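Student: My numbering puts the first residue of the sequence shown at 1, with every later residue one more than the last.
Cβ coordinates follow ideal geometry from the N, Cα and C atoms, glycine included.
Note that this is a predicted model, so its numbers are computed, not measured.
There's a structure below that I have some questions on.
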Amino acid sequence: MRRHIKTLICILLLTLMIVPAAAFSAMAADGTTMTFDLKYHQSDARAMLKTINDYRKSQGQSELVYDYSLEKLAITRGEELIVSYGHARPNGDSSVYGVSENIAYNFDTASEVFAAFKNSDKGHNENMLDSRWQGVAVAHVEYGGRHYWVQLFTPSPSGAGETSAKNGTGTASVWVADGKSTVSGEPKCSTSALEIELDTTARVPEVTVDYTIPGHKPDGSVFTSSLPATWTSDNPEVAAVEGSTVKALKRGTANLTATVDGKTFTVPVTVIGTSIKNAVVELEYAEADFTGSELKPKVTSVKLGDETLTPYLDYSVLYSDNVEVGTATVTVVGKGEYSGQAVASFTIKGCAHKYDEGKVTKEATCKQEGAKQFTCSECGYVKTETISKLEHADADKNNKCDVCGLSLAAPQPTTAPSSDGGETTKPSTDDTTKKPDSTTKKTTKKTTKNTANIDNADGPNTGDYAEDKSTETTIILGVALLASFMFVAYLIKIVGIERRKTDKRRNSVRR
């Protein structure tokens, strides 16, 4: 019995040690990863170092060194500002350990944001001039046409060596703790259909979902994040999925399918022939004299890179503006394994005709077209234009054409408006004053740029790390500890009862 009790106590003690760790682990894992594309401008950001140091020297302060290791954190903070603007981080942390921070958005250039920090009464200027700081890192990221800036100051630079500046388009992933965001709506696909040239690749469609994040600025609280999606092709011989891309292998069609959060998306893909828009087209001649008739120089060669296309099999030819003096156009249209168009031109030389008002040589009637001739006053060239047929005439109102005698349909009487007993209801002719129904949702897209903004500077005086305490974790631990102590008390009581029973049996034996 004692052996069993000892075993139970050991299990209980192990449980007491494991439960808190598991509880903390579960709490730390709760959240959502926001994924989105953005632009990095770290060359611009690093250029601010000279501006900061020139300003510090003018105020009698020492220069700062650029901390390339701290820059990684500055970039992370820039990405986080896109999701939730403020010194409180979206992962639940209230600050960044051991550094001081200046943040701003909607300033396009380093000079603009520096001037804003310098003239700020919210602590930004003090941060840039603080004698405690020995190192600095700056981040500049762009999302949706808006620019976000971060300055981080440290008393202890890392001494890390210089790295290449991060510039251009990239993808960021920002972890947002539970309670900081809620899903707003269902997942949606960014693409309804794909058209890909043969032997090229394209990115798979993006699946996104909207989240409500109270700290997101400046467009309100809704932030759109990408969702992981695994796409498959029902015709991989035509379009094959390889990771995050679709490869066009053969002309034809296929369907890409992905299921995200229980919702299935299907995107049709059309693989077209290789585009010939950059092909070089050579013509039989580049100039020709005006003749008054269509001029059609032969296409002698169509080359796409090192490949020469075959007439009729790979392309067809169209001519336009190829009669009058001026520039005529020859359009080569891809076919078979090729698509798109390539364009060449040639010049028609001759008199820049100045035509008279023209003379009708054949009257148009309701039965036949007419003709009109125009004569050039410079060279005497005559061109003829067609006059369209006339409408049937019925001057006698006998439903017969006065010219050709064709029977015409009688006009239909106009329907009189119905009466409702004397009252009439006049429809509104001005819907602009009609108020929308309360259940109707209206979405407007902002086209004006938001006012630039900087937040209060943030930085610890002692380097302490500020951390939010989870009420839920505290409750879990309290309940676990209370239950454990009650179980221990119960076991101790059982041990006491067993001991008394054993003592009684021993006394009975002695008697």
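#1: Mapping the DSSP letters down to three states, classify glutamate 287 as helix, strand or coil.
#2: Within the same chain, show all residues whose beta-carbon is closer than 8 Å to that of lysine 400, passing over the 5 residues directly before and after it, in chain order.
#3: Give, in chain order, every unbroken run of the beta strand (DSSP E) that is at least 3 residues long and sits entirely within the stretch 90-173.
#4: Please state whether DSSP places leucine 318 in a helix, a strand or coil.
#5: Cα separation between threonine 232 and isoleucine 52?
#6: Closest by CA to alanine 165, which one among Ile494, Lys247, Tyr40 and Phe117?
#7: According to DSSP, is glutamine 61 helix, strand or coil?
#8: Express the C-alpha separation of serine 484 and alanine 21 in angstroms, rounding to a whole number.
#9: With a 10 Å radius around its C-beta and 16 neighbouring C-beta atoms as the bar for buried, classify tyrosine 97 as buried or exposed.
#10: So what does DSSP say about valine 238, is it helix, strand or coil?
#11: For leucine 49, which of Ser293, Val113 and Val222 has the nearest alpha-carbon?
#12: I believe proline 187 touches valine 207 by the beta-carbon criterion, under 8 Å. Please report the beta-carbon distance rounded to the nearest angstrom.
#13: Buried or exposed: methionine 34, going by 16 or more other Cβ atoms within 10 Å of its Cβ?
#14: Kindly identify the DSSP beta-bridge partner or partners of methionine 34.
#15: Check arginine 251 in the structure and name its three-state DSSP category.
#16: What is the rounded straight-line gap between the Cα of glycine 326 and the Cα of lysine 349?
#17: Is isoleucine 196 closer than 8 Å to valine 83 when the C-beta atoms are compared?
#18: Could you check if phenylalanine 346 belongs to the surroundings of the ligand NAP, using beta carbon to heavy atom distance under 7 Å?
#19: So the candidates are Leu318, Glu287, Lys367 and Gly358; which of them puts its Cα closest to the Cα of phenylalanine 346?
#20: Is the beta carbon of valine 323 closer than 8 Å to that of glutamate 284?
#21: Just the Cα atoms here: how many angstroms apart are threonine 310 and glycine 358?
#22: Put glycine 326 into one of helix, strand or coil per three-state DSSP.
#23: Within a Cβ cutoff of 6 Å, which residues of the same chain sit near aspartate 261, ignoring the five residues on either side of it in sequence?
#24: Any chance the stretch 237-248 sits against the stretch 171-182, with 3 or more Cβ pairs inside 8 Å?
#25: Spell out a yes or no on whether the stretch 327-344 and the stretch 266-274 are touching, meaning 3 or more CB-CB pairs, one atom from each, closer than 8 Å.
#26: If you run the structure through DSSP and keep just helix, strand and coil, what is threonine 365?
#27: Judging by CA-CA distance, which residue of Cys351, Asn398, Lys397 and Ser388 is the nearest neighbour of threonine 375?
#28: How many Å lie between arginine 251 and valine 238 at the Cα?
#29: Decide if tyrosine 105 is buried, meaning its Cβ has at least 16 other Cβ atoms within 10 Å, or exposed.
#30: Mind the definition here: the stretch 115-129 touches the stretch 137-145 only if three or more C-beta pairs lie below 8 Å; say whether that holds.
#31: Determine whether the beta carbon atoms of lysine 372 and threonine 365 lie at a separation below 8 Å.
#32: In chain order, what residues of the same chain have a beta carbon less than 6 Å from the beta carbon of serine 43, not counting five sequence neighbours either side?
#33: Here's the rule: buried if 16 or more other CB atoms are within 10 angstroms of the residue's CB, otherwise exposed. What is threonine 230?
#34: Can you tell me whether isoleucine 492 is buried or exposed? The criterion is at least 16 other CB atoms within 10 Å of its CB, across all chains shown.
#35: Taking Cβ positions, are valine 302 and alanine 279 nearer each other than 8 Å?
#36: Does the beta-carbon of isoleucine 75 have 16 or more other beta-carbons within 10 angstroms, so that it is buried, or is it exposed?
Tutor: With the given structure in hand:
#1: In this structure, glutamate 287 counts as strand in the three-state DSSP scheme.
#2: Asp394, Leu406, Ser407 and Leu408
#3: Counting only runs of 3 or more, we get 100-105, 135-143 and 146-154.
#4: Correct three-state label for leucine 318: strand.
#5: Whole-angstrom Cα-Cα distance: 52 Å.
#6: Tyr40
#7: coil
#8: With a pLDDT of only 33 at alanine 21, under 50, the local geometry of the prediction cannot be trusted, and the value read off the model is given with reservation. Approximately 15 Å, taken between the alpha carbons.
#9: exposed
#10: Shown here, valine 238 sits in coil according to DSSP, grouped into three states, outside any helix or strand.
#11: Val113
#12: 5 Å
#13: buried
#14: Val174
#15: DSSP places arginine 251 in coil when its eight states are reduced to three.
#16: 7 Å
#17: no
#18: Absent from the structure shown: the ligand NAP. Ligands present: none.
#19: Comparing Cα-Cα distances from phenylalanine 346 to each of Leu318, Glu287, Lys367 and Gly358, the minimum goes to Glu287.
#20: no
#21: 46 Å
#22: Correct three-state label for glycine 326: strand.
#23: Pro187
#24: no
#25: The answer is yes - the stretch 266-274 touches the stretch 327-344, with three or more Cβ pairs under 8 Å.
#26: coil
#27: Cys351
#28: 6 Å
#29: Under this definition tyrosine 105 is a buried residue.
#30: Counting C-beta pairs with one atom in each stretch, the stretch 115-129 and the stretch 137-145 have fewer than three that are closer than 8 Å, which means they do not touch.
#31: no
#32: Ala165 and Asn167
#33: exposed
#34: exposed
#35: yes
#36: buried
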